[in-house]
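All letters in the sequence shown, in the order written, are residues 1471 to 1937 by this note's numbering. Every residue, glycine too, gets a C-beta built ideally from N, C-alpha and C. Inspection log for the structure reproduced underneath, given as structure tokens.
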Amino acid sequence: MNTKITTWGKQMARAFVLTMVLLLSSSASVFAGGTKYYDFYATLQAYPTGAGKVYAEEPAGSTTSDDEASDLYADMKTPAEAVDVKFILSGASSNATYTAYALPTEGWILAGFSVATVVNDGEFDDFVFNDDIVNYDNPAQMDIASTTSEDSEEKAEGSFPFFSEALHYALFTHVAPVIATGQSSLGTVKSSKVCNEIGDNVTLTATPNDETTTQFDYWLNKSTGEKIPTNPLTINNISGTAYYEAHFKSTQAFDIEFPEEGGYKVVYFPKGYDMPDKVVNELQFSFADISYNSLHPTDDTSGYYLDSYEYSQSLYGNEPHILYGKGTMTFVANDSYDVNSYSSNILKWSGENGCNVKDMTIANKYYRVDIENQQFHLLADDAVIEPNTAYLALPIETYKAYDLQDAPKDIYWFNQKGDPTGIEAIQAGKLEKAAAQGIYTLDGKKLDKISGKGLYIINGKKVLKLK
């Protein structure tokens, strides 16, 4: 479908803006060596009309405006059929990302996010509808480019574009293909009609990226649990909503089973692997790169915790990792993480024969891993660590930095007031308020109440219910 959304009046205004940009660019060399402040302006739109709503969040460190008289003002955090995404960001790059959220209307699901094609008709640039999905996640990180910059934030706001310079769509549908958790590097999926309606016929196709190592295995109907080995798969006379999840089998990948309700596991690989994709890593918790200065006092002063390394897909070989997952998660081999790959991981592995603390360097204190209570516990100086067991090697300088003569006996995984993953924990007594604000699952489904443990979106924020 190719639908122009620009008008003659908007085109004329754009021409004026482009002229001003050219005039302003002549002075860009004056501050080429200093800090630049870039203007970013995109429109995020739900499609088709009535199928859902969208909202957005600007990147950390950026500037927005609450002044409705300002060109920088945008009410991007209130769900609507379309929102303007406006912010100023300083730095060395004219590219940035913002977070896009999609909330399907009842009876619809999200297919993914796309970017309108920009077509020049010989005089002006027009936005043309495009349903090629660039991101299946929800929320999704959407790329945006800036065409204007200044040497101060005040000037950048004064020269902010009059109209959006990019158009992004949240595409809603009834039947949609997705890729199984962690298998995005193994293949792709496609629908013959992305935004399909009740009564339509649609064909879903899954294609391996490398047929020498990977094969299609089956489709999983996420609504019914049915496994279907047919590919391509045709669904006739669509009668409801359903995600069909493509599963591949590959010599370069293997699965780990986590509890369906979510849980932690210690994993160890003899070679490097990639963790599952970002949609799952919203809930990943990993000590994959604990640096020597990551020990911090808890907010409630009850002890100390180790700040975990934020999202990374890299799991280096020959070292353990603590991961959080739900259900089946696929890990794909990555040969670039060879034995020479650098990692500052202070989780260690005892090996086939185990090890004795008294034989290890006195520059560290050693702790056992407590999965159930999400803590590390100090080991005695003569403790024996069983074979094939993960343990923590804490550099002495990390606790001596707090003038402690003795190592803490117990170290938490999490800050005891707040959560270092950045996900808020919902407190008792706030469920009624949450229901009034609107409760959504990560994939945008609206709920009447919080039904159990897990991650939800409430008032635009990710909230983790722990009990």
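Contact set for residue i: own chain, Cβ-Cβ below 8 angstroms, skip 5 residues either direction
| i | result |
| --- | --- |
| W1578 | A1521, G1522, F1642, T1643, H1644, T1711 |
| P1740 | G1787, N1788 |
| D1537 | Y1543 |
| E1696 | L1690 |
| G1821 | P1857, N1858 |
| T1513 | A1552, V1553, D1554, V1555, S1634, A1636, L1637, H1638 |
| G1657 | I1649, A1676, T1677, P1678, N1679, T1684, F1686, A1716, F1718 |
| E1623 | Y1507, T1533, I1558, S1560 |
6 angstroms CB neighbourhood of residue i in its chain, flanking five on each side removed
| i | result |
| --- | --- |
| I1841 | Y1734 |
| S1764 | L1776, D1777 |
| S1772 | Q1886 |
| A1610 | A1570, F1583 |
| T1534 | E1528, F1557 |
| L1674 | P1647, S1661, L1703, Y1714 |
| V1589 | D1596, V1598 |
| P1699 | Y1688 |
Top-ranked residue by Cα proximity to residue i, from the options
| i | options | result |
| --- | --- | --- |
| F1801 | Y1786, Y1507, S1564 | Y1786 |
| L1793 | A1860, Y1775, H1847 | A1860 |
| I1649 | A1863, F1597, N1691, F1630 | N1691 |
| A1581 | C1665, T1831, T1534, P1678 | C1665 |
| N1701 | D1613, W1689, E1867, G1695 | W1689 |
| I1603 | D1744, L1917, A1646 | A1646 |
| V1737 | E1667, V1839, H1717, T1684 | V1839 |
| D1851 | K1828, T1868, V1585 | K1828 |
| D1601 | I1726, L1703, Y1639 | Y1639 |
| G1561 | T1618, T1673, T1575 | T1618 |
| D1805 | V1589, N1706, P1518, D1744 | D1744 |
| F1686 | I1705, S1654, Y1713 | S1654 |
| F1594 | T1575, E1635, N1565 | E1635 |
| T1671 | T1513, I1708, T1651 | A quick correction: the sequence has Asn, not Thr, at residue 1671. Taking only the C-alpha atoms, the option nearest N1671 is I1708. |
| V1553 | E1620, Y1869, D1596, Y1511 | Y1511 |
| Y1525 | D1541, P1549, G1592 | P1549 |
| L1917 | S1532, T1519, P1574 | P1574 |
| H1766 | A1853, T1519, K1870 | K1870 |
| A1626 | I1726, P1518, T1505, N1706 | T1505 |
| T1519 | E1667, E1624, S1563 | E1667 |
| G1774 | T1694, S1540, D1880, S1693 | It should be pointed out that residue 1774 corresponds to Tyr in this sequence rather than to Gly. Checking every option, the nearest Cα to that of Y1774 belongs to D1880. |
| Q1428 | A1853, N1706, M1546 | A question about residue 1428 goes unanswered here, because the residues of the chain that appear run from 1471 up to 1937. |
| M1612 | A1566, P1631, E1576 | A1566 |
| S1563 | S1616, F1630, H1791, I1705 | S1616 |
Where residue i sits in the DSSP three-state scheme
| i | result |
| --- | --- |
| A1626 | helix |
| V1604 | strand |
| D1840 | strand |
| T1868 | helix |
| D1744 | strand |
| D1829 | helix |
| K1547 | coil |
| L1849 | coil |
| Y1717 | It is worth fixing the name first, because residue 1717 is His in this sequence and not Tyr. H1717 falls in the strand class under three-state DSSP. |
| S1814 | coil |
| T1684 | strand |
| N1885 | coil |
| G1531 | coil |
| S1560 | strand |
| N1804 | coil |
| Q1611 | strand |
| I1708 | coil |
| Q1515 | strand |
Neighbourhood of residue i by C-beta distance below 7 angstroms, restricted to the same chain and skipping five residues each side
| i | result |
| --- | --- |
| C1825 | I1855 |
| N1823 | P1857 |
| F1728 | K1735, G1795, K1796, G1797, M1799 |
| N1942 | There is simply no residue 1942 to check, as the chain begins at 1471 and stops at 1937 in what is shown. |
| L1849 | V1827, Y1836, Y1837, R1838 |
| F1724 | F1801 |
| A1530 | none |
Alpha-carbon spacing of residue i relative to residue j, whole angstroms
| i | j | result |
| --- | --- | --- |
| Q1722 | D1769 | 43 angstroms |
| S1784 | Y1807 | 8 angstroms |
| F1718 | S1584 | 24 angstroms |
| E1731 | K1796 | 6 angstroms |
| A1676 | I1614 | 29 angstroms |
| E1681 | S1720 | 9 angstroms |
| Y1882 | T1831 | 23 angstroms |
| K1683 | Y1568 | The sequence given here has Thr at residue 1683, not Lys. About 35 angstroms. |
| Y1837 | I1816 | 11 angstroms |
| S1532 | G1628 | 16 angstroms |
| F1846 | F1884 | 11 angstroms |
Environment of residue i [buried if 16+ CB atoms lie within 10 Å]
| i | result |
| --- | --- |
| V1555 | buried |
| N1843 | exposed |
| T1587 | exposed |
| D1876 | exposed |
| P1878 | buried |
| Y1517 | buried |
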